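Here's the structure, in structure tokens; my notes come after.
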Amino acid sequence: MVRFLAAIGAVFLGFLAATGRLAMFAGLALATAFTPPYYLRAILREMINVGYFSLPVVGLTAIFTGMVLALQSYTGFSRFAAEGAVATVVVLSVTRELGPVITGLMVAGRVGAAMAAEIGTMRVTDQIDALTTLSTDPLRYLVLPRLLAGLITLPMLVLVADIIGVFGGYLVGVYRLGFNPEAYLNRTHQYLETNDVVSGLVKAAVFGFIVALMGCYHGYHSRGGAQGVGQATTYAVVSASVLILVFNYLITAAFFGR
Amino acid sequence: MSDCSAASKISVRGLRKSFGRKRVLNGVDIDCDSAESLVIIGGSGTGKSVLVKCIVGLLRPEAGSIRIDGVETVGLGRGARERLVQKFGMLFQGSALFDSLRVWENVAFGLIQGRAMERQAAKEIALAKLEAVGLGPEVGNLWPAELSGGMQKRVALARAIATEPEILFFDEPTTGLDPIMADVINELIVKCVREAGTTAVSITHDLVSARKIADRIAMLHQGRIIWQGPTPDVDHSDNPYVEQFIHGRAEGPIKMEVRAM
């Protein structure tokens, strides 16, 4: 019995220690934002990498998400003659939930993995130590630009995903399900509130930060050659995905829960 | 052991460092004078790299003192540590070139990012340093992955000397190179160190290299310095450990740990 409790305690203490290490890492990296030098070139490069080059994959997933949403809600709602709600359901689901979550997950797979692999390879080939010996703080040069890029560009990506997702729903609604275009657009506007979009953008900023933090943290602490880098990449994607879903619930509860 | 440590460029006393339960450094005492080239020899896994990483500040020792120019550096704060690192240049075992940057950007990195120099001015210095290690300006625009191992080492050397540091650290400078390229690197190290009057600390298990670049040789074994002396003395050290090492005998007081640790 004691051994059983000790095992639970050990797991819990391990979890707390890991949380502490992560918070320390994030804190130290963010602290470098308040003193010069600033590596604007690196920040810009990461923003283009995270934001611009994610546009195709985010756009594709968003349009199909919007399309399937219209189709599903139509087949569901037609059972109790509520087809008119399709447009509203699509726009609310996309802006509040699916836009940020799908974008976050896609970016975790695309960008988080790349960050962990790149920084992890730099770690195991001594490039991070080399940065230090060249009077450059690796947290400032490698980690901070990625954290900022995630934080800033994810909301922009989600805004694009929202628009494309709603457009996907419109396409299916009008051309497949036979809604009147004008009526569909009116329905889309009618019940949409600013808070629906804003909550989605807040989520996006948090998710972007999570993805970049997980990628950098696991890459930065990888060890043991190719295998270690592979493991870091896996951890980065899995932990970012899980945390995205957890924080998605927490932020939703904070915005809309009572 | 000399007690005139205030005059030494680097003075290490009682340095200890463990990883988990494995004690790697067990009270290392070593000095290095200004403009001296010290080479630390020892078998694989004796903690040579750890010692250098502790001195540079990449690892934090558990106990002991490291004085550079008479100033204690163990436990320095962030800002003081950053100023201290400006005195250092380091050549890493695997070269550790930044593969996302061109060769000249690698060499100029310490100038542009570390010292906030203009890119164009830094590029000129970088090309001059590349020439000093025998690489033409056309190499400057290549990527590190396009270079052979020997050329990467030379670029890494150019990067280490680009900021004209007071102390250079060489981690296994010739490992993995053919004997001729190894000699080229040795010549370059001797040239760079002598010309600029730089203090140099190298670690190697390549005795040809050690004899060529060292003013003084020290041997690290089981986490301690067990012998040190001027380079010619290494051949008549009367120390069974050193004898075994320089003659490369399997039999002797040094027992290789064959079993996995």
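Residue numbers (this note's numbering), protein chains in the order written: chain A, 25 to 282; chain B, 6 to 266.
Yeah, the Cβ is synthetic: ideal placement off N, Cα and C, and Gly gets one too.
From a predicted model like this one, the values you see are computed outputs, not experimental measurements.
- Specify the secondary structure class of B/Gly181 as computed by DSSP and reduced to three states. Here residue 181 of chain B refers to the residue found at position 176 when the second sequence is read from its first residue. Coil at B/Gly181, not helix or strand.
- Item | Enclosing beta strand (DSSP E) for B/Met122 [first to last residue] | As a working note, residue 122 of chain B is residue 117 in the second sequence. Looking at the DSSP string, B/Met122 is not in any beta strand (DSSP E), and its letter there is neither H nor E.
- Do the CB positions of A/Leu122 and A/Thr89 come within less than 7 Å of each other? Translated into positions along the first sequence, residue 122 of chain A becomes position 98. Translated into positions along the first sequence, residue 89 of chain A becomes position 65. In this structure, A/Thr89 lies closer than 7 Å to A/Leu122 by Cβ.
- Message: Here's the rule: buried if 16 or more other CB atoms are within 10 angstroms of the residue's CB, otherwise exposed. What is A/Met48?
- Response: Looking up residue 48 of chain A in the first sequence gives position 24. Looking at its Cβ environment, which holds fewer than 16 other Cβ atoms inside 10 Å, A/Met48 is exposed.
- Confirm, please, whether the CB-CB distance from B/Pro170 to B/Leu102 is below 7 Å. Translated into the one-based positions of the second sequence, residue 102 of chain B becomes position 97. Translated into the one-based positions of the second sequence, residue 170 of chain B becomes position 165. Taking a C-beta distance under 7 Å as the contact criterion, B/Leu102 and B/Pro170 do not qualify as a contact pair.
- Message: Just to confirm the assignment, what range does the beta strand (DSSP E) spanning B/Asp34 have?
- Response: Here residue 34 of chain B refers to the residue found at position 29 when the second sequence is read from its first residue. Following the DSSP letters along the chain, one finds B/Asp34 inside the beta strand (DSSP E) bounded by residues 27–37.
- Query: Along chain A, which residues have their Cβ under 7 Å away from the Cβ of B/Ala121?
  - Reply: For the purposes of this step, residue 121 of chain B is identified with residue 116 of the second sequence, where counting begins at 1. The contacting residues are Pro61.
- Task: For the beta strand (DSSP E) holding B/Met224, just list the boundary residues, first then last.
- Result: The residue labelled residue 224 of chain B in the question sits at position 219 within the second sequence. Counting along the chain, the beta strand (DSSP E) containing B/Met224 begins and ends at 221–226.
- Under 7 Å, do B/Val206 and B/Cys37 count as touching if we go by C-beta distance? As a working note, residue 206 of chain B is residue 201 in the second sequence. As a working note, residue 37 of chain B is residue 32 in the second sequence. Against a cut-off of 7 Å, the Cβ pair of B/Cys37 and B/Val206 comes out as a contact.
- Query: Which of the residues in the segment 126–139 of chain B, read from start to end, lie with their CB under 7 Å from any CB of chain A?
  - Reply: Answer in chain order: no residues at all.
- Message: If distances are taken between C-alpha atoms only, which option among A/Gly44, A/Met130, A/Arg164 comes closest to A/Pro80?
- Response: In the first sequence, the residue the question calls residue 80 of chain A occupies position 56. For A/Pro80, the nearest C-alpha among the options comes from A/Met130.
- Task: Please state whether DSSP places A/Arg164 in a helix, a strand or coil.
- Result: In the first sequence, residue 164 of chain A corresponds to position 140, counting from 1. Reduced to three states, the DSSP call for A/Arg164 is helix.
- Straight-line CA distance for A/Ala105 to A/Ala229? The residue given as residue 105 of chain A occupies position 81 in the first sequence. The residue given as residue 229 of chain A occupies position 205 in the first sequence. Approximately 38 Å, taken between the alpha carbons.
- Message: So if I threshold CB-CB distances at 8 Å, which residues from the segment 70–88 of chain B count as touching chain A?
- Response: Cβ contacts with chain A come from Glu87.
- May I ask which residues mark the beginning and end of the alpha helix (DSSP H) holding A/Met130? The residue labelled residue 130 of chain A in the question sits at position 106 within the first sequence. It spans 123–131 - the alpha helix (DSSP H) in which A/Met130 sits, taken as one unbroken run.
- Query: Can you tell me the Cα-Cα spacing of B/Ile46 and B/Ala255, whole angstroms?
  - Reply: Numbered from 1 along the second sequence, position 41 holds the residue referred to as residue 46 of chain B. Numbered from 1 along the second sequence, position 250 holds the residue referred to as residue 255 of chain B. When rounded, the distance between both Cα atoms is 17 Å.
- Task: Report yes if the CB atom of B/Lys92 is closer than 7 Å to the CB atom of B/Val112, and no otherwise.
- Result: Locating residue 92 of chain B in the second sequence gives position 87, where the first residue counts as 1. Locating residue 112 of chain B in the second sequence gives position 107, where the first residue counts as 1. Cβ atoms of B/Lys92 and B/Val112: not closer than 7 Å.
- Query: Beta carbon of B/Lys22, beta carbon of B/Glu77: below 7 Å?
  - Reply: Taking the first residue of the second sequence as position 1, residue 22 of chain B is located at position 17. Taking the first residue of the second sequence as position 1, residue 77 of chain B is located at position 72. In this structure, B/Glu77 does not lie closer than 7 Å to B/Lys22 by Cβ.
- Item | Other residues of its chain near A/Ala264: CB distance less than 6 Å, five sequence neighbours each side excluded | What you label residue 264 of chain A is simply residue 240 of the first sequence in a count that begins at 1. The answer, listed in chain order, is Ala132, Gly136, Ile234, Val235, Met238.
- Task: Would you verify that the beta carbon of A/Gln96 is, or is not, closer than 7 Å to some beta carbon of chain B?
- Result: On the first sequence, residue 96 of chain A is found 72 positions in, with the first residue counted as 1. Not closer than 7 Å to any Cβ of chain B, the Cβ of A/Gln96 fails to qualify, so no.
- State yes or no: is the C-beta of A/Val114 within less than 7 Å of the C-beta of A/Gly193? Working through the first sequence from its first residue, we reach residue 114 of chain A at position 90. Working through the first sequence from its first residue, we reach residue 193 of chain A at position 169. For A/Val114 and A/Gly193, yes; Cβs fall inside 7 Å.
- Per DSSP, B/Trp232 forms a beta bridge with which residues? Counting from one through the second sequence, the residue named residue 232 of chain B turns up at place 227. B/Met224, per the DSSP bridge assignment.
- Near A/Met24, what residues of its chain come up, given a Cβ to Cβ distance below 6 Å and the 5 sequence neighbours on each side ignored? Since the first residue shown for chain A is 25 and the last is 282, residue 24 of chain A is missing from the structure and cannot be characterised.
- Using a Cβ cut-off of 9 Å, pull out every chain B residue sitting near A/Asp153, in sequence order please. For the purposes of this step, residue 153 of chain A is taken as the residue at position 129 of the first sequence. The contacting residues are Lys58, Val61, Leu63, Met95, Phe97, Ala101.
- Query: Bridge partners of B/Val17, per DSSP?
  - Reply: Counting from one through the second sequence, the residue named residue 17 of chain B turns up at place 12. Paired residue(s): B/Ile35, B/Ile71.
- Compute the Euclidean distance between the alpha carbons of B/Gly228 and A/Val270, then round it to the nearest angstrom. Here residue 228 of chain B refers to the residue found at position 223 of the second sequence. Here residue 270 of chain A refers to the residue found at position 246 of the first sequence. Taking the Cα positions, B/Gly228 is about 47 Å away from A/Val270.
- Message: Please report whether the beta-carbon of B/Gln157 lies at a distance below 7 Å from any beta-carbon of chain A.
- Response: Residue 157 of chain B sits at position 152 when you count from the first residue of the second sequence. False, the Cβ-Cβ gap to chain A never drops below 7 Å.
- Item | the segment 157–169 of chain A: positions lying closer than 9 Å to chain B by Cβ | Thr157, Leu158, Ser159, Thr160, Asp161, Tyr165
- B/Ile166 burial status per 10 Å Cβ neighbour count (16 or more: buried): Residue 166 of chain B sits at position 161 when you count from the first residue of the second sequence. Buried.
- Query: What are the uninterrupted segments assigned as alpha helix (DSSP H) that are 4 or more residues long and contained completely in the segment 128–196 of chain B, given in chain order?
  - Reply: Runs of alpha helix (DSSP H) with 4 or more residues, each lying fully within the segment 128–196 of chain B, are found at 154–166, listed in chain order.
- Item | Inter-stretch contact at 8 Å, needing at least 3 Cβ pairs: the segment 209–216 of chain A / the segment 140–151 of chain A | no
- When the distance is taken between beta carbons, is B/Lys53 closer than 7 Å to B/Ala182? One-based indexing of the second sequence puts residue 182 of chain B at position 177. One-based indexing of the second sequence puts residue 53 of chain B at position 48. For clarity, residue 182 of chain B is Leu in the given sequence; the question names Ala instead. Their beta carbons are not under 7 Å apart, which means B/Leu182 does not touch B/Lys53 by this criterion.
- Message: Give me, in chain order, the residues of the same chain whose beta-carbon lies closer than 6 Å to that of B/Arg72; leave out the 5 immediate sequence neighbours on both sides.
- Response: By one-based count along the second sequence, residue 72 of chain B stands at place 67. Within the same chain, B/Arg72 has close Cβ partners Ser16.
- Query: Under a Cβ-count criterion, where at least 16 other Cβ atoms within 10 Å of its own Cβ denotes burial, should B/Ala215 be classed as buried or exposed?
  - Reply: Along the second sequence, read from residue 1 onward, the residue named residue 215 of chain B stands at position 210. Burial call: buried.
- Message: Just to confirm the assignment, what range does the beta strand (DSSP E) spanning B/Ser42 have?
- Response: As a position in the second sequence, residue 42 of chain B is number 37, starting the count at 1. That run of the beta strand (DSSP E) goes 42–46.
- Can you name the residues that DSSP bridges to B/Gly94? On the second sequence, position 89 is the one that residue 94 of chain B refers to. Paired residues: B/Leu173.
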